[in-house]
Amino acid sequence: MNFFKKFSFSYVFLGITIILFSTSFKNYENSLYITLLFLFIANFTCFATEYLLTKYFENKEKIVIRKKEQCMQLLLWDR
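So the sequence shown is numbered by our numbering: it starts at 704 and just counts up by one.
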């Protein structure tokens, strides 16, 4: 469940792109391949970007917590 919350923007983007490009299945000769290739490229970049952003902020949060703990230890050490 947590996985769906982390990537909710990407799932919304995936749904919107499928709806928008569903009409291209009727209009062009190789429409299936073109549409699937576009969906793969667009959604892969969207999921990858969102994954990297969540990892960055998770690591940043851990670093901030670690720095606060170190500051508290230094304050307690001085006493």
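All C-beta atoms, glycine included, are put in the ideal place defined by N, C-alpha and C. None of the values given here were measured: they were computed from a predicted structure.
* Asked: In chain order, what residues of the same chain lie with their CB nearer than 7 Å to the CB of I768, ignoring the 5 residues before and after it?
  -> As a working note, residue 768 is residue 65 in the sequence shown. So the list is empty, once near-sequence residues are dropped.
* Asked: Helix or strand or just coil, what does DSSP make of T748?
  -> What you label residue 748 is simply residue 45 of the sequence shown in a count that begins at 1. Here T748 sits in helix by DSSP.
* **E761 in three-state terms, based on DSSP** => Position 58 of the sequence shown holds residue 761. Residue state, collapsed to three classes: helix.
* Measuring alpha carbon to alpha carbon, tell me which of T738, L779 and F712 ends up nearest L723. => Taking the sequence shown and counting its residues from 1, one reaches residue 723 at position 20. L723 has its Cα closest to that of T738, out of T738, L779 and F712.
* Asked: How about A751 and T720: are their beta carbons less than 7 Å apart?
  -> What you label residue 751 is simply residue 48 of the sequence shown in a count that begins at 1. What you label residue 720 is simply residue 17 of the sequence shown in a count that begins at 1. No; because the gap between Cβ atoms is not below 7 Å, this pair is not in contact.
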